[in-house]
């Protein structure tokens, strides 16, 4: 009496499982080809937005406005300004001379200077520059009672609560009256504060002489006061030769400690698109990209609808959702600085998108043996890595706090707790200033450095490598015995390739059998070199033969409509296969016990 198959009792034909695997492999292959086209187009779009002239334009402008010395002092430029007199010297010297180019080097007129200045004769100054100041009120901090006879005024650091919005000085024109901020404008993150918009604003004239007189007037009437906390100088250039806008912001911060801290921003962006034939090609790629993006959006929506909560259990699905979020376009505004700000933000988001798009390639190349070993190694040791990471960051943060408290007042790398954390990573890769640490504290400096190198570099990093290496050896041992995932997609590509060769009569059928036999011998030889005995090798080969024969018998890709019962011989074969699986599980259990004993021995 034949034994009924339990697969047939459920009403599903015996070929269904393998058939679904084949369909899934074909779908994955089609998805790989479509995703490859998508990735190529995305790379074309991202690199099409970047112009190599951006770097040179920024370099030329920064050299002009940052490195040019003030008159009478070759050691002072915008980067080295440290006092209010130096700031006014820069305004009347390098800034004024850099903004107004009204003649050729031979003093001949090349264009109407009343129209606009042309910096380096090629970069048109759009509109006029703007200077903006933010201040804080007096008595925003409290002077200690015993010292009030020495100083009664107190100006705190800049915050929105401490900001001064009252008129001052001459109380005429916009430079002496507070202008309300634009709600759409982004805040500026400086060295010692985050600054809002608005403030005391004035624009420069298109005439060089009028602008110089304006600077003299402001200086004589003390436009910069003790309450001044930051001054912004904003202007925009356009170079028609390379079709680039250069948005420039020079920042001078006046911290509550005194002195001046300078910073700058040079944004070279392409705002006028679709000018050349290459731009029209980019437009075509944008349309294609939009179509593919819509297809991927629909595809992920269908997956979420089909799998529901199970969809979010796979890391690749989270990566695909992240890509879809990052690919949304950013709204742009009319103001040049705002336009450049959001353009740079969009470029940054696109760069992150490109990064994750390339990472997703790992999903499709899992059919490769080497890549499968890598992913298996990482998945097997993820728990050990998490435990190691907790221990690593505890020690790292402890040393960062030690360095901040001991060296923070003198060494720039440890001036803040955040800088201290990054300084630790720089020490790990060999980028450090030991002389500065030793000079600050001749006792704790060397102790801190030597113990950090010992525990972090010699101990913890070698533990990390040992975790990876041990797990990789375990995975290699399993692969050498044939305990590896079946590379369905890889097998499909190989089969398609072999079919094409056979049709072209470039390969004989006998070569497949020879290659298969040679591959089995190589695997057996690798297992012997790893130290496995003949019984283990024979057991693995027997399991492989059982698996291939049973899969061929019960998972045939031929479509069948009848439901044939299982014979007594087939049932016996299935029973013996189950016995072999039980032996395999017993072998794995013994192997785990050996590993646990080794770990216990190492702990003692």
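In my numbering, the protein residues as written are 181 to 784. All C-beta atoms, glycine included, are put in the ideal place defined by N, C-alpha and C.
Here the alpha carbons of residue 316 and residue 344 stand approximately 5 Å from one another.
Residue 267 and residue 224 have their alpha carbons spaced roughly 44 Å apart. Between residue 516 and residue 306, the CB-CB gap stays under 9 Å. A residue is called buried once 16 or more other Cβ atoms fall within 10 Å of its Cβ, and residue 358 is buried on that count.
The continuous beta strand (DSSP E) containing residue 446 extends over residues 441-449. Taken atom to atom, the span from the alpha-carbon of residue 600 to that of residue 578 is near 10 Å. Under the three-state reduction of DSSP output, residue 386 falls in the coil class, being neither helix nor strand. Secondary structure of residue 353 (DSSP, three-state): coil. Assignment of residue 313 by DSSP, reduced to helix, strand and coil, places it in the strand class. Non-local C-beta neighbours of residue 647 in its own chain, meaning closer than 6 Å and more than five positions away in sequence, comprise 561, 564, ordered along the chain. For the pair residue 441 and residue 623, the Cα-to-Cα distance works out to about 32 Å. Note that the segment 246-255 touches the segment 267-279; at least 3 beta-carbon pairs, one per stretch, sit closer than 8 Å. Within the model, the alpha-carbon separation for residue 523 versus residue 404 is close to 33 Å.
Three or more beta-carbon pairs separated by less than 8 Å are not found between the segment 374-386 and the segment 439-456, which leaves the two stretches without contact. The segment 389-399 and the segment 323-332 do not touch, with fewer than three beta-carbon pairs separated by less than 8 Å. In the structure shown, residue 419 falls within a strand segment according to DSSP collapsed to helix, strand and coil. Put simply, of 281, 542, 259 the residue whose alpha carbon is nearest the alpha carbon of residue 216 is 542. In the three-state scheme derived from DSSP, where H, G and I count as helix and E and B as strand, residue 304 is classed as strand. The bridge partners DSSP lists for residue 380 are 313.
Boundaries of the alpha helix (DSSP H) harbouring residue 566: 562-587, taken from the DSSP string. The beta carbons of residue 446 and residue 642 sit about 44 Å from each other, so the pair does not count as a contact at 8 Å. Separation of residue 629 and residue 612 (C-alpha to C-alpha, rounded to the nearest whole angstrom) is 10 Å. Residue 776 counts as exposed, since fewer than 16 other beta carbons sit within 10 angstroms of its beta carbon.
Residues of the same chain with a CB within less than 7 Å of the CB of residue 452, apart from the 5 flanking positions on each side, are 423 in chain order. Following the DSSP letters along the chain, one finds residue 530 inside the alpha helix (DSSP H) bounded by residues 516-539.
By a beta-carbon distance limit of 8 Å, residue 436 contacts residue 335. Their separation comes to about 6 Å. In this chain, residue 267 is not harboured by any beta strand (DSSP E); it is covered by the alpha helix (DSSP H) spanning 264-270. Note on geometry: alpha-carbon atoms of residue 568 and residue 402 lie some 59 Å from one another. DSSP places residue 429 inside the beta strand (DSSP E), whose first and last residues are 424-433. The alpha-carbon of residue 318 is positioned some 6 Å away from that of residue 333. Under a 10 Å Cβ-count criterion, residue 430 is classified as buried, with 16 or more other Cβ atoms of the shown protein chains found around its own Cβ.
The DSSP-derived three-state label of residue 613 is coil.
Annotated as distal: residue 448 and residue 257, with beta-carbon spacing of 9 Å or more.
Residue 282 and residue 245 have their C-alpha atoms roughly 17 Å apart.
In the DSSP annotation of this structure, the continuous segment of the alpha helix (DSSP H) that includes residue 239 starts and ends at 233-246.
Within the same chain, Cβ atoms closer than 7 Å to the Cβ of residue 233 are found at 422, 424, the five residues on either side in sequence being excluded.
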